[in-house]
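Here the working numbering is used: the sequence shown runs in plain steps of one and ends on residue 372.
Note that CB positions come from ideal geometry on N, CA and C, so glycine has one too.
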Amino acid sequence: MTNTYDNTILYVDYVVDKAIKLLQSKQDKFTTSLVYLSDHGESLGEDGVYLHGLPYSIAPDTQKHVPMALWLSADYQQRYGISAHCLQQRAQKENYSQDNLFSTLLGLLGVSTREYQAADDILTPCREAG
243 MTNTYDNTIL
253 YVDYVVDKAI
263 KLLQSKQDKF
273 TTSLVYLSDH
283 GESLGEDGVY
293 LHGLPYSIAP
303 DTQKHVPMAL
313 WLSADYQQRY
323 GISAHCLQQR
333 AQKENYSQDN
343 LFSTLLGLLG
353 VSTREYQAAD
363 DILTPCREAG
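In structure tokens:
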């Protein structure tokens, strides 16, 4: 089971890498970005627990903590005043969740709607005033 999981992680890494390289190759024509967020973690035998799907209140951290990757082209950062340094610093100390995804995507895409919550947009603190 562990080998299958490890191979899946390697394949996801490969796909995300290829997607970023494709977007980088289009930077001369488009302002590009990429967001990746896993839908769940996985237990691989820690404390006798395997797979995923336990209720959140009793699920181990391996099922709750999931990877997220955000890649923004240099043009995107410049055009929308996003500080990559700020994002990197905040990623080291903040705990984000899937709850942040909706407003982050709305903000990333510039969608104006009453459902948007700036406090849930992980880009908000790293946008330059202006």
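Residue i to residue j span [Cα, whole Å]
{"i": "residue 248", "j": "residue 338", "result": "24 Å"}
{"i": "residue 353", "j": "residue 282", "result": "26 Å"}
{"i": "residue 245", "j": "residue 279", "result": "22 Å"}
{"i": "residue 367", "j": "residue 328", "result": "8 Å"}
{"i": "residue 331", "j": "residue 325", "result": "10 Å"}
{"i": "residue 294", "j": "residue 273", "result": "37 Å"}
DSSP three-state assignment for residue i, whether helix, strand or coil
{"i": "residue 311", "result": "strand"}
{"i": "residue 277", "result": "strand"}
{"i": "residue 286", "result": "strand"}
{"i": "residue 252", "result": "helix"}
{"i": "residue 247", "result": "helix"}
Residue i, buried or exposed, once every other Cβ within 10 Å from all chains shown has been counted against 16
{"i": "residue 350", "result": "buried"}
{"i": "residue 363", "result": "buried"}
{"i": "residue 370", "result": "exposed"}
{"i": "residue 372", "result": "Annotation note: pLDDT 48 at residue 372 (below 50); position unreliable, coordinate value reported separately. By the neighbour-count rule (16 or more Cβ atoms within 10 Å), residue 372 is not buried but exposed."}
Cβ distance (whole Å) where residue i is taken to contact residue j below 8 Å
{"i": "residue 262", "j": "residue 252", "result": "With a Cβ gap of about 16 Å, residue 262 and residue 252 do not count as contacting."}
Original post:
For the region 318-352, which segments carrying the alpha helix (DSSP H) assignment without a break, of at least 4 residues, lie completely within its bounds, in sequence order?
Top reply: 326-335 and 343-351
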